[in-house]
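Novice: Keeping their order, the protein sequence lines are chains Z and W. Just so we're aligned, residue 1 is where the first sequence starts under my numbering, counting upward by one. Just so we're aligned, residue 1001 is where the second sequence starts under my numbering, counting upward by one. Note that CB positions come from ideal geometry on N, CA and C, so glycine has one too. All values derive from a computational prediction rather than experimental measurement.
Number of protein chains: 2
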Amino acid sequence: MPCWVNGVPAEGVPVRDRGLAYGDGLFETISVRQGRARLLDRHLQRLQLGCQRLQIPLGIDSLRAEISSFAMQVGDGVAKLIVTRGSGMRGYAFPQPQQALRILQGSPLPDYPAAHAEQGVKLFSCATRLAEQPLLAGIKHLNRLEQVLARAEWQDPGYAEGLMQDHSGRVIEGVSSNLFMVDAGQLLTPALQRCGVAGVMRAEIIEQSERLGITCAVRDIGLAELMEADEVFLCNSLFGIWPVRELAGRVWERGELTRILQNNLHDLLGG
Amino acid sequence: MPCWVNGVPAEGVPVRDRGLAYGDGLFETISVRQGRARLLDRHLQRLQLGCQRLQIPLGIDSLRAEISSFAMQVGDGVAKLIVTRGSGMRGYAFPQPQQALRILQGSPLPDYPAAHAEQGVKLFSCATRLAEQPLLAGIKHLNRLEQVLARAEWQDPGYAEGLMQDHSGRVIEGVSSNLFMVDAGQLLTPALQRCGVAGVMRAEIIEQSERLGITCAVRDIGLAELMEADEVFLCNSLFGIWPVRELAGRVWERGELTRILQNNLHDLLGG
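See below:
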């Protein structure tokens, strides 16, 4: 699988890159099918929001062309994009001038069991809580130690994902996915103003549900409310939608609304 | 100045290193004088604590020898050490087996104005607040976007450092230093259980003050209490101690206790 740094094949990055020094950058995990980067507009939109928040200057149009060329080489797989603030000397102050670094890494499509999408997955309750930092909430930055620690909490492959809450006990997301629930026909997903990553698939599902005439509320959700939900599902840009089958002893069947949204996504992602 | 990756001269790191992907690692900024790494035991102690918290396996004894050899090449300057969890495939789960990566970067001694230590420095009040994450508090991990954003708040070189508070308004630290205050002859420094980096110079000063018969309390400190302090100073492993001359209109002179601690450190660091 190809790997590019600043648009050319390479396997290394400069030792003084600030992505390495401080996690000073952003990333996107992009599904590539038949040589095309899926949901690319949404990925670039979120990246642009991240660049604004972190004040990283980046030419989005040339990056779009670069990702499209890269996706052709990947064919079917995953294109992981990392954008950093580039190299600098010691110290937190921005380098002058700033020269963002772009990395594109190809990898094969993950080999998810088909049962995950059909029968649903078991969700681990992570003890690692997400800190509340509004300045970094929503964007997909490179400071991911909370996710690393949360993912290290379980080794049992019976758990396909882990549930993360914030320090106040609000339900926020999966370690590498977003979360939705259905309550009395209404779709709900946690607000992400304080912490969490606003996934591109989450945005896609919110928009699709509106088109289907299903209202989707974005607000704070407590654990008790989640446990009483009629349906619960996870989503991300690689696996689409997985129903949640079990969490802390509570068992769900794949629900009707989950199935409708899965079918709806199928055409978008598979083709 | 030399740069080593895993003990040999190199200028790049593998593109799949988890330090770059997730900030999944730790660092130390070590003062080197006359070919010797200063406060090395304290740096290695903190690094070891960080490795335990992040579950990164690392041989400290061989690393100590490596840093000492590196310091000989640096002579007088700074040795920045980065330890990451090493390379892995996509995804937050630890790679199996884990193979930590070690980077040593040399750089010249920073050219601090002598007046900073003698007349003191002006402190900028950062609006960026530190999130509370007990799992990561105290250690010097690579997730440093809060410091990057805080440092970007001022360009005026009249400010030598910035003051950071947590979301509850407690005073925590400087952007790249720790903070002490003196109140009625007693030394105080903020508790760092929720956020902040427990600096090696902070630990050194706490221990030295005890030896001098000065009690040092480590506890929560509010901004109002700081503003009423008799003396305020900053410290880190490179500049030692800088008195704070001004913060938000409040002006201090260099205090007696600050001067005593500065003199005490001088022998340790300069020689």
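Going by beta-carbon coordinates alone, are Arg151(Z) and Gly158(Z) separated by less than 9 Å?
Specialist: Not in contact: Arg151(Z) and Gly158(Z) (Cβ atoms no closer than 9 Å).
Novice: Thinking C-beta only, is Gln262(Z) closer than 9 Å to Gly240(Z)?
Specialist: Contact: yes.
Novice: How would you label Met201(Z), buried or exposed, when you count the other beta carbons within 10 angstroms and need 16 or more for buried?
Specialist: With 16 or more Cβ atoms within 10 Å of its Cβ, Met201(Z) is classed as buried.
Novice: Taking only three categories from DSSP, how would you classify Gly1271(W)?
Specialist: With a pLDDT of only 46 at Gly1271(W), under 50, the local geometry of the prediction cannot be trusted, and the value read off the model is given with reservation. Of the three classes helix, strand and coil, the one that applies to Gly1271(W) here is coil, per DSSP.
Novice: Going along the segment 1098–1110 of chain W in order, which residues come within less than 7 Å of chain Z, judged by CB to CB distance?
Specialist: Residues Ile1103, Gln1105, Ser1107.
Novice: State the beta-bridge partners of Phe27(Z) as determined by DSSP.
Specialist: The partner list for Phe27(Z) (beta bridge, DSSP) reads Ile82(Z).
Novice: Mind pulling the chain Z residues with CB within less than 8 Å of Phe1070(W)?
Specialist: Neighbours of Phe1070(W) on chain Z: none; closest Cβ ~14 Å, over 8 Å.
Novice: Could one say the Cβ of Met201(Z) lies closer than 9 Å to chain W's Cβ atoms, at least one of them?
Specialist: Cβ-Cβ to chain W under 9 Å: no for Met201(Z).
Novice: Show which residues of chain W have a CB atom less than 7 Å away from the CB atom of Pro14(Z).
Specialist: In chain order: Glu1011, Gly1012.
Novice: With respect to the alpha helix (DSSP H) encompassing Ala1131(W), which residues constitute its N-terminal and C-terminal limits?
Specialist: Where Ala1131(W) is concerned, there is no enclosing alpha helix (DSSP H), given that its DSSP letter is neither H nor E.
Novice: Would you call Ile284(Z) buried or exposed, if buried means 16 or more other Cβ atoms sit within 10 Å of its Cβ?
Specialist: Since the first residue shown for chain Z is 1 and the last is 271, residue 284(Z) is missing from the structure and cannot be characterised.
Novice: Could you pull out every residue in the same chain whose Cβ sits closer than 7 Å to the Cβ of Ala1071(W), ignoring the five residues on either side in sequence?
Specialist: The answer, listed in chain order, is Val1032, Gly1035, Arg1036, Ala1037, Ala1079.
Novice: Between which two residues does the beta strand (DSSP E) holding Phe245(Z) run?
Specialist: A small fix is needed here, since residue 245(Z) is Arg in this sequence, not Phe. Per DSSP, Arg245(Z) belongs to the beta strand (DSSP E) from 240–247.
Novice: Run through the DSSP bridge pairs and tell me what Arg1259(W) is partnered with.
Specialist: DSSP output for Arg1259(W) lists no bridge partner at all.
Novice: Taking its Cβ as the centre, do 16 or more other Cβ atoms sit within 10 Å of Thr1029(W), making it buried, or is it exposed?
Specialist: Counting Cβ neighbours within 10 Å, Thr1029(W) comes out buried, since at least 16 surround it.
Novice: Kindly indicate the opening and closing residues of the alpha helix (DSSP H) around Ile950(W).
Specialist: Since the first residue of chain W shown is 1001 and the last is 1271, residue 950(W) is not available in this structure.
Novice: Helix, strand or coil for Cys1126(W), going by three-state DSSP, please let me know.
Specialist: Note: Cys1126(W) maps to coil in three-state DSSP.
Novice: Rank Leu104(Z), Ser168(Z), Arg18(Z) by C-alpha distance to the C-alpha of Ala65(Z) and give the top, closest one.
Specialist: Comparing Cα-Cα distances from Ala65(Z) to each of Leu104(Z), Ser168(Z), Arg18(Z), the minimum goes to Leu104(Z).
Novice: Cβ closer than 8 Å: which chain Z residues qualify as neighbours of Ile1082(W)?
Specialist: Those within 8 Å of Ile1082(W) in chain Z are Leu20, Ala21.
Novice: Mind listing which residues of the segment 1161–1192 of chain W have their C-beta closer than 9 Å to chain Z's C-betas, in chain order?
Specialist: Those would be His1167, Val1175, Ser1176, in chain order.
Novice: State the DSSP-derived secondary structure class of Gly1050(W), mapped to helix, strand or coil.
Specialist: If DSSP states are grouped into helix, strand and coil, Gly1050(W) belongs with the helices.
Novice: I'd like the list of long-range same chain contacts for Gln1119(W), defined as Cβ closer than 8 Å, with 5 residues on each side in sequence excluded.
Specialist: If we look at Gln1119(W) and ignore the five residues flanking it on each side, its Cβ neighbours are Pro1243, Arg1245, Arg1254.
Novice: Taking only the alpha-carbon atoms, compute the straight-line gap between Arg1250(W) and Met1227(W) and give it to the nearest angstrom.
Specialist: Each residue's alpha carbon lies about 7 Å from the other.
Novice: Determine the direct distance from the alpha carbon of Val15(Z) to that of Leu1063(W), and round the result to whole angstroms.
Specialist: Cα to Cα, Leu1063(W) sits roughly 18 Å from Val15(Z).
Novice: Rounded to the nearest angstrom, how far is the Cβ of Asn264(Z) from that of Asn1143(W), given a contact under 8 Å?
Specialist: Actually they do not touch by this definition, with Cβ atoms about 37 Å apart.
Novice: Quick check on Gly1271(W) - is its C-beta less than 9 Å from some C-beta in chain Z?
Specialist: Only weak support exists for where Gly1271(W) lies, its pLDDT of 46 falling under 50; the coordinates are left without a value.
Novice: Under a CB-based cut-off of 9 Å, is Asp1024(W) close to chain Z?
Specialist: Cβ-Cβ to chain Z under 9 Å: yes for Asp1024(W).
Novice: Can you list the residues of chain Z that Arg1144(W) reaches, using a CB-CB cut of under 8 Å?
Specialist: Per Cβ cutoff of 8 Å: Ala21, Tyr22, Gly23, Asp24, Tyr92, Asn143.
Novice: Could you check where the beta strand (DSSP E) with Ala160(Z) kicks off and where it finishes?
Specialist: Where Ala160(Z) is concerned, the enclosing beta strand (DSSP E) stretches over 159–165.
Novice: For Gly1271(W), I'd like the list of residues in its chain whose CB is within less than 6 Å of its CB, leaving aside the five on either flank, ordered along the chain.
Specialist: With a pLDDT of only 46 at Gly1271(W), under 50, the local geometry of the prediction cannot be trusted, and the value read off the model is given with reservation. Closer than 6 Å at the Cβ level, and outside the excluded window around Gly1271(W), lies no residue.
Novice: Ordered along the chain, which non-local residues of its own chain (more than five positions away) have a Cβ less than 7 Å from that of Lys50(Z)?
Specialist: The sequence given here places Gly at residue 50(Z); Lys does not occur at that position. So the qualifying residues of the chain are Leu26, Ile139, Lys140, His141.
Novice: Does Thr128(Z) pass the burial test, meaning 16 or more other C-beta atoms within 10 Å, or should it be called exposed?
Specialist: Buried.
Novice: Given that a residue counts as buried once 16 or more other Cβ atoms are within 10 Å of its Cβ, and exposed if not, what is Asp1156(W)?
Specialist: Exposed: under 16 other Cβ atoms inside 10 Å.
Novice: Within 10 Å of its beta-carbon, does Thr84(Z) have 16 or more other beta-carbons around it, so buried, or fewer, so exposed?
Specialist: Answer is buried; the Cβ neighbour count reaches 16.
Novice: Going along the chain, which residues of its own chain have a beta-carbon closer than 6 Å to the beta-carbon of Leu1247(W), five neighbours each way excluded?
Specialist: Contacts found: Leu1123.
Novice: Looking at Arg1046(W) and Ala1137(W), is the spacing between their C-beta atoms short of 9 Å?
Specialist: No. Outside cutoff.
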